[in-house]
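Just below is one structure, and these are the notes that go with it.
Residue numbers (my numbering): 6 to 180.
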């Protein structure tokens, strides 16, 4: 990769972008794991209506992940492509992953509208599939983009590049 010269952004500030991406991914992984545990616990209880917090958590997770990917697609990836055009094939692969994930999230939200202990298994399968895809996606993205984000000369903040999820990450870390 070329273009490691620092513009108006300090080296420490730039290196923080790669760390912020990893922090966002760690938070999303933890939330997805928690959601999977909540679905399993609900299915095991046999209560007819899922608790409101379970649906709210799933909806909030889906929205956070969507905002993160939208921010990457509209802000983070274009900034990388401008400075590092050699990353365009990787960025396109990641955008395709985002479309696949969006399809899973739509199916998941549709399934949640009729969630009951008797039909919790399709929800669990979607969550299992989402977990596998996201883990692969996050690892690939981190391997290929963290160094580029660290070298990015853009003055944009992590929230703009990675989505509002970064605020949630900071909130969890401070608890």
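Ideal Cβ placement from N, Cα and C applies to all residues, glycine included.
A quick note: this is a predicted structure, and the numbers were derived from the prediction, not measured.
Legend entry - Member of 74, 49, 37, 50 whose CA lies at the smallest distance from the CA of residue 131: 37
Legend entry - 8 Å contact criterion, which residue 70 and residue 106 should meet: CB distance rounded: 7 Å
Legend entry - Start and end residues, alpha helix (DSSP H) containing residue 134: 125–156
Inset, instruction - Round the Cβ separation of residue 153 and residue 92 to the nearest angstrom and send it over; I've been treating them as touching at under 8 Å. - result: 6 Å
Legend entry - Spatial neighbours of residue 138 in its chain, beta-carbon cut-off 8 Å, leaving aside the 5 residues before and after: Result list for residue 138: 102, 105, 106, 109, in chain order.
Inset, instruction - Would you tell me roughly how many angstroms separate the C-alpha atoms of residue 2 and residue 88, rounded to the nearest one? - result: With the chain represented from 6 up to 180, any question about residue 2 goes unanswered, as that position is not in the structure.
Legend entry - Helix, strand or coil at residue 82 [DSSP, three-state]: helix
Inset, instruction - Give the secondary structure of residue 119 by DSSP, where H, G and I count as helix, E and B as strand, and everything else as coil. - result: Three-state DSSP puts residue 119 in coil, outside helix and strand.
Legend entry - Beta-carbon proximity check, residue 60 vs residue 117, cutoff 8 Å: yes
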